[in-house]
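Scroll down for the structure; my scribbles are underneath it.
Residue numbers (UniProt numbering), protein chains in the order written: chain A, 1 to 312; chain B, 1 to 312.
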């Protein structure tokens with residue numbers, strides 16, 4: 001017999017597209033949460049109290065226990081610090097911040113206050129990711145190819161923050177691939193070369209070609225491109241002693257040597273909110289910076305190339 | 001009474017300018033070491049066995065106990081891994097690698113083998129650094145300004161690797177400033193904005209202007225420039241409640257409100273080798289990635305600006 005505890009009184013900050021598409025439906029379906037307030041410069045959520053800033057919200061609704069932060073990463077540190085200082089657990093949308101150093105600082109603050117900090121990586125919860133990890137652990141890998149190509153005009157229409165310095169550009173979807181790769185590979189990878197293509201009118205890259213390796217000199221490449229029209233590709237392909245593994249559709253589908261072994265509807269955000277409730281109950285944090293560390297490494301090590309201007 | 005142990009049998013890899021200027025004299029003066037071999041594509045060290053590669057050296061001289069790695073950072077991981085796999089302690093010149101991820105991997109490897117890994121930051125051992133740290137801990141800081149301006153033609157003549165992707169450009173000296181700042185500031189900093197100036201013919205920046213802050217919103221700026229002729233500046237200036245602190249000449253001189261309180265000849269590399277012997281004896285590693293993390297953050301968050309070509 002399980003004793004049902006009171007739901008976590010949750011609030012959400014930064015009400016934009018991802019919140020409407022993913023966060024609100026996932027929270028509504030999860031009995032562990034009661035969404036009681038939102039704060040956003042522009043958006044509002046129907047049926048709950050809405051505020052213009054996190055400060056106003058936390059002052060007006062002191063019973064809030066946890067905060068989901070979904071504003072652009074450039075503004076996330078200050079909101080996270082405000083929430084942690086007020087004694088709230090914090091869920092960070094991906095990427096968890098604009099710099100590695102600020103997230104390290106938040107992690108130390110959460111630990112010092114006994115609060116839970118969750119650096120969420122939704123793609124790690126794609127349906128076939130665990131099966132891919134188990135397969136890769138069971139064989140010898142010869143090479144890996146990551147292909148993440150999508151149409152930015154379709155997925156990020158007029159999102160200027162994503163093109164600003166710190167907005168990460170094509171690494172915004174690319175970090176999803178990196179969050180899967182860093183989870184499923186048996187040994188840690190590191191970047192040995194990268195080329196980043198910047199539109200001449202933008203401060204963030206529209207494409208990146210990256211070469212990784214590991215301690216065993218495994219060849220791993222990643223090709224991120226935001227200029228893909230038509231078929232969209234979110235694939236991780238591994239050539240192994242046990243055949244060719246294709247993890248496709250962003251981690252939703254898995255096939256081995258042409259045979260489909262896993263194909264289920266995705267439940268990424270519901271799984272993220274289940275994980276957040278779990279770490280709050282356990283009194284721990286979940287902050288793995290490896291995906292963002294690879295992005296920072298790519299910017300530091302990468303060669304810059306300028307390409308034609310991008311206009312939405 | 002102290003019992004004198006046998007000296008550590010040391011080898012050195014990558015015999016270039018910094019090895020001749022700093023490493024060899026420091027090792028020669030330290031009774032804790034016996035330098036027995038060197039490996040380098042081009043350079044040699046008189047009076048000891050010289051090899052073309054670390055692999056050839058380790059095979060020919062199995063009694064080597066520790067290795068100092070002084071090749072360009074882009075080639076350091078593989079040499080470090082080779083040395084650790086062979087059971088040797090490793091000293092890494094700064095920066096400790098071309099990426100954060102590869103150094104994290106080396107750190108885990110050293111720990112798993114019970115070997116000492118030293119990510120050295122020579123500027124932290126400048127004579128007035130500890131006095132500056134103690135002063136800053138004793139007062140309230142209002143602002144900090146870091147000015148690191150030098151003439152690349154004088155300090156790095158024809159060092160093409162430093163201008164290649166991964167060579168860090170002006171962050172090669174700038175990381176010295178960051179290694180001091182991250183050591184002396186009472187709270188962790190993180191970058192909020194940066195502008196990196198790239199010569200149009202080079203893959204690494206010649207100048208960078210960075211804005212940092214901390215949990216208390218302290219204003220901190222850093223100005224790195226490699227185009228400084230005439231007077232060279234390596235200064236960290238803090239305005240505090242107890243007056244103006246100037247840590248100048250790369251950490252060698254300290255003055256408070258115009259009064260010189262510390263001025264001693266530098267002994268950075270002798271101190272580094274003393275520290276390396278200390279951690280080997282203690283059976284620990286010393287790897288603080290904060291300076292390199294700030295560099296990666298600056299590349300990831302920074303705006304890129306192209307400036308006139310640089311020709312040596």
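We put the beta carbon where it would ideally sit given N, CA and C, even for glycine.
Note that the structure is predicted; figures quoted are calculated from it, not measured.
*Residues, ordered as in the chain, of the stretch 107-135 of chain B that lie near chain D by beta-carbon distance below 9 Å*: The structure shown has no chain D; the protein chains it does contain are A and B.
*Close Cβ partners of residue 163 of chain B (< 7 Å) along its chain, the five nearest in sequence each way excluded*: In the second chain, counting from the first residue as 1, residue 163 of chain B sits at position 163. For residue 163 of chain B, where only same-chain residues beyond five positions count, the Cβ hits under 7 Å are 169, 202, 203 and 204.
*Among B:154, B:92, B:141 and B:171, nearest to residue 230 of chain B - alpha-carbon criterion*: Looking up residue 230 of chain B in the second chain gives position 230. Minimum Cα distance to residue 230 of chain B is reached at B:154.
*Drop a sphere of 10 angstroms on the beta-carbon of residue 304 of chain A, count the other beta-carbons inside from all chains shown, and report buried for 16 or more, exposed for fewer.*
Residue mapping note: residue 304 of chain A aligns to position 304 of the first chain, counting from 1. Per the 10 Å Cβ criterion, buried.
*Closer than 8 Å to chain A by CB, residue 96 of chain B*: As a working mapping, residue 96 of chain B is identified with position 96 in the second chain. No, because no Cβ of chain A sits closer than 8 Å to the Cβ of residue 96 of chain B.
*Return no unless some Cβ of chain A is closer than 8 Å to the Cβ of residue 99 of chain B.*
Position 99 of the second chain, counted from the start, is the residue given in the question as residue 99 of chain B. Yes, residue 99 of chain B lies at the interface with chain A (some Cβ there is under 8 Å from its Cβ).
_Segments assigned beta strand (DSSP E), at least 3 residues, entirely inside the stretch 183-267 of chain B_ = 190-199, 207-213, 220-225, 233-240, 243-248, 253-256 and 259-263
*Kindly say whether residue 294 of chain A, judged by its beta-carbon, lies nearer than 8 Å to any beta-carbon of chain B.*
Counting from one through the first chain, the residue named residue 294 of chain A turns up at place 294. Cβ-Cβ to chain B under 8 Å: yes for residue 294 of chain A.
*residue 167 of chain A: buried (16+ other C-beta within 10 angstroms of its C-beta) or exposed?*
The count along the first chain starts at 1 and reaches residue 167 of chain A at position 167. Residue 167 of chain A should be labelled buried.
*Counting only runs that start and end within the stretch 5-50 of chain A, where is the beta strand (DSSP E) found for 3 or more residues in a row?*
8-13 and 33-39
*Nearest to residue 108 of chain A by CA position, among A:52, A:238 and A:285, is which residue?*
Along the first chain, one-based indexing puts residue 108 of chain A at 108. The shortest Cα separation from residue 108 of chain A among A:52, A:238 and A:285 belongs to A:285.
*Per DSSP, what kind of secondary structure is residue 171 of chain B in: helix, strand or coil?*
By one-based count along the second chain, residue 171 of chain B stands at place 171. Here residue 171 of chain B sits in helix by DSSP.
*asked:* Mapping the DSSP letters down to three states, classify residue 138 of chain A as helix, strand or coil.
replied: For the purposes of this step, residue 138 of chain A is taken as the residue at position 138 of the first chain. In this structure, residue 138 of chain A counts as coil in the three-state DSSP scheme.
*Contact list for the stretch 158-177 of chain A against chain B, Cβ threshold 7 Å*: 165 and 166
*Whose Cβ in chain A lies nearer than 7 Å to the Cβ of residue 297 of chain B?*
Counting from 1 along the second chain, the entry for residue 297 of chain B is found at position 297. Those are 99, 100, 101 and 296, listed as they occur along chain A.
*Could you name the residues that DSSP lists as bridge partners for residue 69 of chain B?*
Counting from one through the second chain, the residue named residue 69 of chain B turns up at place 69. In the DSSP output, where bridge partners are listed per residue, residue 69 of chain B has B:13 and B:92.
_Boundaries of the alpha helix (DSSP H) in which residue 153 of chain B is found, first to last residue_ = The residue given as residue 153 of chain B occupies position 153 in the second chain. It spans 152-155 - the alpha helix (DSSP H) in which residue 153 of chain B sits, taken as one unbroken run.
_Member of A:299, A:128, A:81 and A:62 whose CA lies at the smallest distance from the CA of residue 250 of chain A_ = The residue you call residue 250 of chain A lines up with position 250 of the first chain. Comparing Cα positions, the closest option is A:128.
_Using a Cβ-Cβ cutoff of less than 6 Å, which residues in the same chain neighbour residue 151 of chain A once the five nearest sequence positions on both sides are dropped?_
Along the first chain, one-based indexing puts residue 151 of chain A at 151. Excluding positions up to five away in sequence, the list reads 228 and 229.
*Where does residue 118 of chain A fall in DSSP's three states?*
As a working note, residue 118 of chain A is residue 118 in the first chain. Here residue 118 of chain A sits in strand by DSSP.
_For residue 145 of chain A, three-class secondary structure by DSSP_ = Here the question's residue 145 of chain A lines up with position 145 in the first chain. Correct three-state label for residue 145 of chain A: strand.
*asked:* So if I threshold CB-CB distances at 9 Å, which residues from the stretch 186-205 of chain B count as touching chain A?
replied: 187, 188, 189, 190, 191, 192, 193, 194, 195, 198 and 203
*Determine the burial state of residue 257 of chain A: buried for a count of at least 16 other Cβ atoms within 10 Å of its Cβ, exposed for fewer.*
Counted from its first residue, the first chain places residue 257 of chain A at position 257. By the 10 Å Cβ count, residue 257 of chain A comes out exposed.
*Name, please, each residue of chain B whose Cβ falls closer than 8 Å to the Cβ of residue 303 of chain A.*
Your numbering for residue 303 of chain A matches position 303 in the first chain. Under the 8 Å cutoff, chain B gives 165 and 203.
*Can you give the beta carbon distance from residue 69 of chain B to residue 103 of chain B, rounded, assuming they're within the 8 Å contact cut?*
Locating residue 69 of chain B in the second chain gives position 69, counting from the first residue. Locating residue 103 of chain B in the second chain gives position 103, counting from the first residue. With 8 Å as the limit, residue 69 of chain B and residue 103 of chain B do not qualify as a contact, their Cβ atoms being about 12 Å apart.
_Cβ-based neighbour list, residue 121 of chain A, same chain, cut-off 7 Å, excluding 5 preceding and 5 following_ = Translated into positions along the first chain, residue 121 of chain A becomes position 121. Closer than 7 Å at the Cβ level, and outside the excluded window around residue 121 of chain A, lie 94, 179 and 291.
*Close-in-space but distant-in-sequence residues of the same chain around residue 144 of chain A (CB under 6 Å, 5 per side omitted)*: Within the first chain, residue 144 of chain A is the residue found at index 144, counting from 1. Excluding sequence neighbours, residue 144 of chain A sits near 220 and 238.
*asked:* Once the 5 residues before and after residue 51 of chain A are set aside, which same chain residues still bring their CB inside 6 Å of it?
replied: By one-based count along the first chain, residue 51 of chain A stands at place 51. Closer than 6 Å at Cβ, skipping near neighbours: 39 and 57.
*Can you pull the chain A residues whose beta carbon is under 9 Å from the beta carbon of residue 81 of chain B, in chain order?*
Locating residue 81 of chain B in the second chain gives position 81, counting from the first residue. Within chain A, the residues near residue 81 of chain B are 215.
*In the DSSP assignment, what residue or residues form a beta bridge with residue 307 of chain B?*
Position 307 of the second chain, counted from the first residue, corresponds to residue 307 of chain B. Per DSSP, B:199.
*Can you give the Cα-Cα distance for residue 322 of chain A and residue 16 of chain B, rounded to whole angstroms?*
Residue 322 of chain A cannot be examined here, being either before or after the span of chain A that is shown, 1 to 312.
*Counting only the same chain and skipping the five closest in sequence on each side, list residues whose C-beta sits under 6 Å from that of residue 61 of chain A.*
For this step, residue 61 of chain A is matched to residue 61 along the first chain. Only 37 meet the Cβ criterion.
_Local Cβ density within 10 Å of residue 136 of chain A, reported as buried at 16 or more and exposed below that_ = The residue you call residue 136 of chain A lines up with position 136 of the first chain. Its Cβ being crowded by 16 or more others within 10 Å, residue 136 of chain A is buried.
*How would you label residue 253 of chain B, buried or exposed, when you count the other beta carbons within 10 angstroms and need 16 or more for buried?*
Locating residue 253 of chain B in the second chain gives position 253, counting from the first residue. Buried is the call here.
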